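Asks:
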Amino acid sequence: MRLLLEVVKVGQSVAKGLSDVLLFNRNKNMVICLSVGEYEAEMMALALDKTPLPKPVMFDSFADILFTFDIGVEFVLIDSFSEGIYGAKLFCHSQNECKAFDVRVSDAINLALRAGCPIYATEELIEQVGFDADILLQDQEDDTLAEPADHKADWDLQLLEELLQDAVTKEDYELAVLLRDKINELKQ
1 MRLLLEVVKV GQSVAKGLSD VLLFNRNKNM VICLSVGEYE AEMMALALDK TPLPKPVMFD
61 SFADILFTFD IGVEFVLIDS FSEGIYGAKL FCHSQNECKA FDVRVSDAIN LALRAGCPIY
121 ATEELIEQVG FDADILLQDQ EDDTLAEPAD HKADWDLQLL EELLQDAVTK EDYELAVLLR
181 DKINELKQ
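Structural data, given as structure tokens:
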């Protein structure tokens with residue numbers, strides 16, 4: 001059985017160079033936590049906030065290619081966890097045929113957010129790696145999962161400032177302006 005998940009938080013991980021993504025299943029009141037690269041997490045946060053970028057990122061381009069060739073993205077299924085790595089499948093359809101593709105879980109989530117398709121996990125996986133959302137709420141002393149997520153509050157200012165410095169160093173001034181504006185918005 002597959003259970004619907006929603007991305008409720010994208011934030012900094014305790015592990016350097018990684019970010020945590022919390023996925024919540026309301027029916028079981030369970031959360032699974034994924035560690036993903038900072039770039040992938042940043043792209044998820046941008047997609048969740050529907051922040052326009054001056055140029056499309058790979059996930060946007062890939063979604064556009066699929067839609068252009070009439071390939072629908074049905075859903076993402078996170079279906080395994082082994083040796084600290086999650087496995088995911090991207091289910092696509094074209095001309096009455098449905099196929100599943102193995103993908104990195106961070107790529108699958110990014111594509112799902114852009115394609116507007118659901119993200120599921122198997123019930124077995126949630127039982128294996130999930131934890132009670134109420135415990136998380138007690139630990140964090142906030143209602144992060146009780147209400148729909150306000151992803152703007154989840155941005156990590158330090159990460160955004162580092163990305164801003166990197167954009168300036170690379171002379172990507174369009175991205176730098178967007179990052180500067182996002183930082184100013186979050187500081188208000």
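With the first letter of the sequence shown counted as 1, position 38 gets the number 38 in our numbering; the numbers rise by one all the way through. We put the CB at the ideal spot given by N, CA and C, even for glycine. Treat the numbers as computed from the prediction; the structure is a model and nothing was measured.
Using DSSP's beta-bridge definition, name the partner residues of GLN12.
Replies: According to DSSP, which records beta bridges pairwise, GLN12 is partnered with SER19.
Asks: By how many angstroms is the C-alpha of GLN165 removed from the C-alpha of ASP107?
Replies: Using only the alpha carbons, I get a separation of about 25 Å.
Asks: What residue from LEU3, ASN27 and GLU38 has the CA that sits closest to VAL11's CA?
Replies: The residue asked about is misnamed: residue 11 is Gly in this sequence, not Val. Out of LEU3, ASN27 and GLU38, GLU38 has the C-alpha closest to the C-alpha of GLY11.
Asks: Between the C-alpha atoms of GLU124 and MET1, what's the straight-line distance to the nearest angstrom?
Replies: Each residue's alpha carbon lies about 8 Å from the other.
Asks: Within this structure, are the beta carbons of LEU77 and PHE62 separated by less than 9 Å?
Replies: In this structure, PHE62 does not lie closer than 9 Å to LEU77 by Cβ.
Asks: Considering only the alpha carbon of each residue, which of ARG180, CYS117, PHE24 and GLU174 lies closest to HIS93?
Replies: Nearest option by C-alpha distance: CYS117.
Asks: Use the C-beta contact count for ALA15: other C-beta atoms within 10 angstroms, 16 or more gives buried, fewer gives exposed.
Replies: Answer is exposed; the Cβ neighbour count stays below 16.
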